[in-house]
Every structure is written in structure tokens, then in C-alpha cells.
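Here is the structure we will look at.
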Amino acid sequence: MAAMTLLSTESLSRHFGGLRAVDDVAFTLTEGEVRAIIGPNGAGKTTLVSLICGRVMPSAGKIVFEGTDISALPAHRRVGLGIAYTFQITSIFANLSVYDNVALAVQTGMRRGGASLFFLNEATLIARVEEALEKVGLDDRRDMQAANLSYGHQRLLEVAMGLALRPKLLILDEPTQGLSDAEIAGFCDLTRAIAKDATVLLIEHNMDVVMDLAERITVMNNGAILSEGTPAEIRDDERVQRAYLGT
Amino acid sequence: MSVDSSPIQPTKPVAGRRSLFDKVLFVHLAALAILFLAQFVLSDYHHLTLARVMVLASFAVGYNILFGYTGLLSLGHAMFFAAGLYGAGLAATQLSFGASEAFLAGIFAGLVLSTLIGMIVLRTSGVSFMIVTMMFAQAGYLMSLYFGEFTRGDEGFVLQGDIRTAHLFGLSFDLTSPDVRYNIALALLAVCVLVCLALVRSPIGRILIAIRENEERARMLGYDTYRNKLFALVVSGTISAAAGAAYALLFAYVGATFASIQYSILPLLWVLLGGVGTVLGPILGTLLMFYLVDITSEYTSAYMLAVGVALIALVLFFPKGIIGTLRDKGLKWLP
Ligand SMILES: Nc1ncnc2c1ncn2[C@@H]1O[C@H](COP(=O)(O)OP(=O)(O)OP(=O)(O)O)[C@@H](O)[C@H]1O
Ligand SMILES: [Mg+2]
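These protein sequence lines are chains V and A, in that order. Numbered according to the working numbering, the first sequence spans residues 1454 to 1700. Numbered according to the working numbering, the second sequence spans residues 27 to 361.
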């Protein structure tokens, strides 16, 4: 394959006290792919992506993004490079309007593009907020307070904020958790649309969603990568079945 | 971080769509116009009181940028007020600066101090932030006593002579004249209000509010929250110093009381009373509190007790302050 490596980790570890949440992991993402990470609760999935986006700093190892070592960069700088993370536990600005939530994400991108924060082009800002809201289908709720959105819509708002950052790598941590079946179907369509412009890294427990969306799957267990392959390969992998799928 | 989420009130969309007639700007200009007109109807006593209140309200407006909009509860803002007060006062007495230059010296002192202090105290958050700011302010207070040779400590010193006349753009202003004092105080307040309004309606204001509401999320949206908090602290500290410098020059007295813990707590109370995270709240809060003390002290020597009870009642029944409550009751567009 001529495909480019977007991100790779070398011997990446993070220990919490004696607990090896992520232990000596070598993980590689190819530009443009949709990758799922699965694994039982406590496997270290959230910790691994948190290391990638900079929310958590590594105990050891290295993270390389587009050829540069980003291991020591603070989280906000990594967002600047194009790594966006949406939280497993919904984390929005509950007291602000839907518009302001997304505008905060758009502003970062505009500033990265060289705009001063004192004289931001309001028309561009508004247009880009609306574009992101339209993509997730929240455009008719832009003036609502985020706290008043339904849970499913709050998750969509998270995704809209991620999108509005215009990331190269969008990390979604259990985005479908707590969504209805109809909402999940909508989310799958949305992810496919997002994947046209960005690499998507998806942590997901819902196997239907994983099998539907992912081009490749990484299975984690006890802080390490247990197996990696196409959905079909993973389905047939005995070790995975024993450790996780339980079938 | 938001120290206590309850009184911290979010602002409504800073969203675009500015029409020719800007309702928000109009309301704030109207409030300033009322203060301007008040000088023609007030008795001498209230005229003087209001001049003082407007300078202290500028301090409260500055404090609110850090506390109300950024969610950082400082218990040490007396040091910034005092930096302006002493910066201006000592520049006048020790360096023979004129009034305008002394005013700038006070502002500069606040700018430098808030930058240095900010770089240290912003390493902490929550309760430690409150304690560390208080400790620095206490150190500042003790310094004002220690250098008694220049500051005359608790007793303080009076500004007199040439310093009572300000020269600006070839004009002379007699700072002993009540009218001049009133209008300079009003001009200061107007500048502070308009700066605050412009700031909180700008994209930067949106970032500060985001930090107050959910700092971790703001960081994961790509904002260097440390730098933004430092910016808020420096703006807040510098406005506080401008108020301190104006206080020294207009009322001709500089004393260590203004560096004491009392002047760190007062702006917090003014802001709580008027409305946390509102532009006009601090002004209303300062005004009411001043008169509350003034009126109760006529009847009882235990006036601080009465004020304390009033404040507790307020926090219990109007946790968002006066303007904050109004905003909840329908004036949602008020920043
Ligand atoms: N900040 C922390 N401090 C201490 N332990 C932590 C911390 N974060 C995670 N852990 C531990 O590290 C392990 C891996 O956690 P992680 O959240 O990465 O798992 P996960 O695969 O995302 O699980 P889930 O499917 O439940 O989200 C768990 O045992 C967890 O308790
Ligand atoms: Mg997780």
C-alpha cells in the first residue's frame, strides 16, 4: 500500500500507580482510514487515545503524528496540529448555547488560520458554525442552551464540536453510548461522511456499529494490543473470541 | 475551574448579527448617561459619595473580569488596587510626577505586578488559588507597613500642592473641584465598562467563559488555558490598579488600609451583590453596598453585622445577584 502513516506510537506506556493501563503499545494509523478500537471495560482504550490527544501524558514511549514527535506537546497544541477528541463522558459547555459551544471550536481553527481573536470575521464564524450544526442535524437548535438538549443531541453536539475543529484525526470515544437505534443509524451515516475528509479513530462497544463502519479493528486487553485486522479477521480470531466476544 | 458554580451565571450567545441599533450597547450607554445626569440633581454629600462609588465600581468591574467571567476567585485583589494607589501616590510624592504621569505610573505598576503574580498564582487552582492570592496580598500589605518611611504605613499620607492639578492636552483640571472629580471618576468607569463589554462580547470573552464553565473542554478545543487566564488576570489587575491610582489622585489620600484584606473581600461582595458575570452588576453592587453601610452605620455601631446579615440573605435568596436575577427573568441578552 502506498498509503501514508498518519500516526504511530512506539513502546507507549502509561501506568497509574502499579496499574499498567497502557503497556508498551505500538499502534499505527493510516491516513484516511476508519479504525475501531474494541476491548473489555478497563482494557485501556480511553487511556490510549488520551495519550494520543494529550489529555494524559505518557510514562514512557513516543507518539509520532505526521512525522513529528508530539509526545511532549501539551494537548492544546496537538489540537492545533489537527487531533480532535470527543469525550467518552459527555463534556460540553452546558450553560452556553449550542451556537457558542460550536463557535468555540470554530474559533480555534480560524485563529490557527492566522485570524486575530479581536477582529474575527463574524460572517465566516457564523457560516462555519452553521455548517457543522447542519452536518449533525442540530441546526434548528442553535439558540438552545446545551444543557436542555436531549442526551442523544448532546452527543451529537460533541461530534459537531469535533468536526468544527476540522481535524485530520477525529477520535470518538464511545459516541453511540446511550443513543437510540434510530440515532445510531444516523450516527453511522454521519461518520461515513466525516471519514471522507478525516481519519477516524472510534472506540465502540456496539459490535454492529464497529462491523459496519470500521475498515480495520484493533482489539485491546489489559493495556496491550491483543489483535488487529479487518472485521472479518477479527470475527474469526480465536483469542479475541476468548478474551472479548465471549462467543 | 469554577469555585462555586451557583452564583456564576453564564452569558447568553455572544453570537453575531449586530444590527445598527445595538441593544446591549444602548443599555450600557444609558446607564452611563444616568450617572452623568445624576450630578446635576444630587446634593453635595451624595455627589461626593457617588464619585467615590464610581471609582470603587471600576475596581469591581475589573475584579469581575477574573471572577465573574473567567471563574477565578481571587482573595488578593487589594494588592492590585494598592499597586495603583501607591504607584500613583509615591510617584507623586517621591518622584514629583504630575497627576497624569502619576496616574500612568499607577496603571503601569498594576500591569507589571499582575503579570508577575499571575505567572505564579495561575500554577494553582481552586482553593489553593484563593489562598495563594490572599498570601501575596498579605505580603503586599506588610510591605506597605514595612516601608513606612515612604508610605507612612497605616496612617498614610495626603497628596497636596501641585499634584492636585492635572494637566492634560494643554488643559488644567482642578482635582479639588467636586465637579471635576465626579466627571473624571465617571470617565474612568465608562472606559472600564466599555472595555469589559467589548472584551466579554469578543471571541476572547467567549474563551474566558468557556474556561469558567469547563476548563478541560476548553483545553481540548485547542485553547492554551493558562495563557488566557493570565490575560484575564492582567486585564483585571490593571483595571483594579487604574481604580487605585484614580482613588489616590482624586481623593488625595494613600494609606495601608487599601492594601488590607478588607479591600480584597469588598470587590467580591460588590460583585456578588450586583451580579456575577454581568457588566453592570458590579456598579449596582458597589452603589448599594456603599449606601447600605452608610445608612446602617447611622443607626448602629454594629453596622458590619447588619451588612453581613443582608449579604447572607442575598446569597440565599438571590444567589445570582441583582442583575443576574434580572437576566434569568427575561433579559437573557444582557452580557
Ligand atoms: N486517571 C486514572 N487514574 C487511575 N487509574 C486510571 C485512570 N484512568 C484510567 N485508569 C485505569 O486504567 C485502566 C484502563 O482504563 P480506561 O479508561 O483506559 O479503560 P477503557 O478501555 O476505556 O474502559 P471502558 O470501556 O470502561 O471505557 C482501568 O483499570 C482504569 O481504572
Ligand atoms: Mg473508555
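All C-beta atoms, glycine included, are put in the ideal place defined by N, C-alpha and C. Model, not experiment: these values are computed from the prediction.
Distance, Cα to Cα, residue 1608 (chain V) vs residue 1488 (chain V)? As a first step, residue 1608 (chain V) must be located in the first sequence, where it is residue number 155. As a first step, residue 1488 (chain V) must be located in the first sequence, where it is residue number 35. Between the alpha carbons of residue 1608 (chain V) and residue 1488 (chain V) lies a gap of roughly 20 angstroms.
Please compile the residues from chain A whose C-beta is within a distance smaller than 9 angstroms of the C-beta of residue 1558 (chain V). Taking the first sequence and counting its residues from 1, one reaches residue 1558 (chain V) at position 105. By Cβ distance, chain A contributes 247 and 248.
Backbone CA spacing between residue 346 (chain A) and residue 87 (chain A) [nearest angstrom]: Counting from 1 along the second sequence, the entry for residue 346 (chain A) is found at position 320. Counting from 1 along the second sequence, the entry for residue 87 (chain A) is found at position 61. Between the alpha carbons of residue 346 (chain A) and residue 87 (chain A) lies a gap of roughly 16 angstroms.
Quick check on residue 44 (chain A): buried or exposed, where buried means 16 or more other Cβ atoms within 10 Å of its Cβ? Residue numbering aside, residue 44 (chain A) sits at position 18 when the second sequence is read from its first letter. Per-residue confidence for residue 44 (chain A) stands at a pLDDT of 49, beneath the threshold of 50, marking its modelled position as unreliable; the derived number appears in the next sentence. Answer is exposed; the Cβ neighbour count stays below 16.
Measuring from the CB of residue 1656 (chain V), is there a heavy atom of ligand 1 at a distance below 8 angstroms? The residue given as residue 1656 (chain V) occupies position 203 in the first sequence. At least one heavy atom of ligand 1 is found less than 8 angstroms from the C-beta of residue 1656 (chain V).
Is the CB of residue 1506 (chain V) under 9 angstroms away from at least one CB in chain A? Within the first sequence, the letter at position 53 stands for residue 1506 (chain V). True, the Cβ-Cβ gap to chain A drops below 9 angstroms.
Using 8 angstroms as the cut-off, classify the Cβ of residue 1627 (chain V) as near or not near the heavy atoms of ligand 1, replying yes or no. Here residue 1627 (chain V) refers to the residue found at position 174 when the first sequence is read from its first residue. For ligand 1, at least one heavy atom lies less than 8 angstroms from the Cβ of residue 1627 (chain V).
Hey, would you say residue 267 (chain A) sits closer than 9 angstroms to residue 81 (chain A), going by beta carbons? As a first step, residue 267 (chain A) is located in the second sequence; it is residue number 241 there, counting from the start. As a first step, residue 81 (chain A) is located in the second sequence; it is residue number 55 there, counting from the start. A distance of 9 angstroms or more separates the beta carbons of residue 267 (chain A) and residue 81 (chain A).
Mind pulling the chain A residues with CB within less than 8 angstroms of residue 1614 (chain V)? Working through the first sequence from its first residue, we reach residue 1614 (chain V) at position 161. By Cβ distance, chain A contributes 247.
DSSP on residue 253 (chain A), reduced to helix/strand/coil? Sequence index remark: in the second sequence, residue 253 (chain A) carries index 227 (1-based). Helix.
What three-state label does DSSP hand residue 105 (chain A) in the structure shown? Numbered from its first residue, the second sequence carries residue 105 (chain A) at position 79. Residue state, collapsed to three classes: helix.
Residues of chain V with a CB under 8 angstroms from the CB of residue 243 (chain A): which are they? Working through the second sequence from its first residue, we reach residue 243 (chain A) at position 217. What residue 243 (chain A) touches in chain V: 1540, 1544, 1545 and 1546.
Buried or exposed for residue 125 (chain A), please, with buried defined as at least 16 other CB atoms from any protein chain shown within 10 angstroms of its CB. As a first step, residue 125 (chain A) must be located in the second sequence, where it is residue number 99. Looking at its Cβ environment, which holds 16 or more other Cβ atoms inside 10 Å, residue 125 (chain A) is buried.
Throw me the rounded Cβ distance for the residue 108 (chain A) and residue 356 (chain A) pair, which I believe falls under 8 angstroms. Residue numbering aside, residue 108 (chain A) sits at position 82 when the second sequence is read from its first letter. Residue numbering aside, residue 356 (chain A) sits at position 330 when the second sequence is read from its first letter. At roughly 40 angstroms, the Cβ-Cβ gap does not stay under 8 angstroms, so residue 108 (chain A) and residue 356 (chain A) are not in contact.
Using only CA atoms, which one of A:106, A:334, A:85 and A:227 lies nearest to residue 51 (chain A)? The sequence position of residue 51 (chain A) within the second sequence is 25, counting from 1. That would be A:227, whose Cα lies nearest to the Cα of residue 51 (chain A).
Skipping 5 residues on each side, what residues in its chain have a beta carbon closer than 8 angstroms to that of residue 171 (chain A)? If you number the second sequence from 1, residue 171 (chain A) lands on position 145. Closer than 8 angstroms at Cβ, skipping near neighbours: 177, 179, 180 and 282.
Note down, in chain order, all residues in the region 229-243 of chain A with a beta-carbon under 8 angstroms from any beta-carbon belonging to chain V. Correct list: 229, 230, 232, 233, 235, 236, 239, 240, 242 and 243.
Answer with yes or no whether the minimum CB distance from residue 1528 (chain V) to chain A is below 9 angstroms. Numbered from 1 along the first sequence, position 75 holds the residue referred to as residue 1528 (chain V). Yes, contact with chain A.
With DSSP as the reference, please indicate the residues paired to residue 1626 (chain V) in a beta bridge. Position 173 of the first sequence holds residue 1626 (chain V). The partner list for residue 1626 (chain V) (beta bridge, DSSP) reads V:1656.
When V:1560, V:1493, V:1526 and V:1541 are compared against residue 230 (chain A), the one with the closest alpha-carbon: Here residue 230 (chain A) refers to the residue found at position 204 when the second sequence is read from its first residue. Out of V:1560, V:1493, V:1526 and V:1541, the CA that lies nearest to the CA of residue 230 (chain A) is found in V:1560.
Please classify residue 35 (chain A) as buried or exposed, where buried requires at least 16 other C-beta atoms within 10 Å of its C-beta. Numbered from 1 along the second sequence, position 9 holds the residue referred to as residue 35 (chain A). Since pLDDT at residue 35 (chain A) reaches only 38, below the 50 mark, its modelled position is unreliable, and no value is offered.
Using a C-beta cutoff of 9 angstroms, does residue 251 (chain A) count as contacting chain V? The residue labelled residue 251 (chain A) in the question sits at position 225 within the second sequence. True, the Cβ-Cβ gap to chain V drops below 9 angstroms.
Please identify, using Cβ separations under 7 angstroms, the residues of the region 1510-1535 of chain V that lie next to chain A, in order along the chain. Listed in sequence order: 1528, 1529, 1532 and 1533.
Heavy atom of ligand 2 less than 8 angstroms from the Cβ of residue 1577 (chain V), yes or no? By 1-based counting over the first sequence, the position of residue 1577 (chain V) is 124. Relative to ligand 2, even the nearest heavy atom lies 8 angstroms or more away from the CB of residue 1577 (chain V).
Give the DSSP-derived three-state secondary structure of residue 49 (chain A) in the structure shown. Locating residue 49 (chain A) in the second sequence gives position 23, counting from the first residue. In this structure, DSSP gives residue 49 (chain A) a helical state, which the three-state scheme calls helix.
Thinking just about the alpha-carbon of each residue, which of V:1679, V:1463, V:1475 and V:1665 is nearest to the one in residue 1503 (chain V)? In the first sequence, counting from the first residue as 1, residue 1503 (chain V) sits at position 50. Closest by alpha carbon: V:1475.
Euclidean distance between Cα positions of residue 1709 (chain V) and residue 333 (chain A): Only positions 1454 to 1700 of chain V appear in this structure, which leaves residue 1709 (chain V) out of reach.
Local conformation of residue 228 (chain A) per DSSP, three classes: Against the second sequence, residue 228 (chain A) aligns to sequence position 202. DSSP places residue 228 (chain A) outside both helix and strand once states are collapsed to three, so it counts as coil.
Any chance the CB of residue 308 (chain A) is under 8 angstroms from a heavy atom of ligand 1? Taking the second sequence and counting its residues from 1, one reaches residue 308 (chain A) at position 282. No, the Cβ of residue 308 (chain A) stays beyond 8 angstroms of every heavy atom of ligand 1.
Close Cβ partners of residue 265 (chain A) (< 6 angstroms) along its chain, the five nearest in sequence each way excluded: By one-based count along the second sequence, residue 265 (chain A) stands at place 239. If we look at residue 265 (chain A) and ignore the five residues flanking it on each side, its Cβ neighbours are 88 and 218.
Distance between residue 91 (chain A) and residue 223 (chain A) (C-alpha atoms, nearest Å): Walking along the second sequence from the start, residue 223 (chain A) turns up at place 197. Walking along the second sequence from the start, residue 91 (chain A) turns up at place 65. Taking the straight line from one Cα to the other gives about 10 angstroms.
Leaving aside the five residues before and after residue 1528 (chain V) along the sequence, list all residues of the same chain whose C-beta is less than 7 angstroms from its C-beta, in chain order. For the purposes of this step, residue 1528 (chain V) is taken as the residue at position 75 of the first sequence. Taken in chain order, the residues that qualify are 1506, 1507 and 1508.
Comparing alpha-carbon positions, which option in V:1575, V:1573, V:1574 and V:1614 lies nearest residue 1590 (chain V)? Here residue 1590 (chain V) refers to the residue found at position 137 of the first sequence. Closest option to residue 1590 (chain V), Cα to Cα, is V:1614.
Just list the residues that DSSP pairs residue 1518 (chain V) with in beta bridges. As a working note, residue 1518 (chain V) is residue 65 in the first sequence. Bridge partners of residue 1518 (chain V): V:1460 and V:1521.
Give every residue of the same chain whose Cβ lies closer than 8 angstroms to the Cβ of residue 1683 (chain V), excluding the five residues on either side of it in the sequence, and list them in chain order. The residue you call residue 1683 (chain V) lines up with position 230 of the first sequence. Contacts found: 1668, 1669 and 1670.
Residues in the region 1613-1639 of chain V with C-beta within 8 angstroms of chain A's C-beta atoms, listed in sequence order? Taking a C-beta cut-off of 8 angstroms against chain A, the contacting residues of the region 1613-1639 of chain V are 1614 and 1618, listed in chain order.
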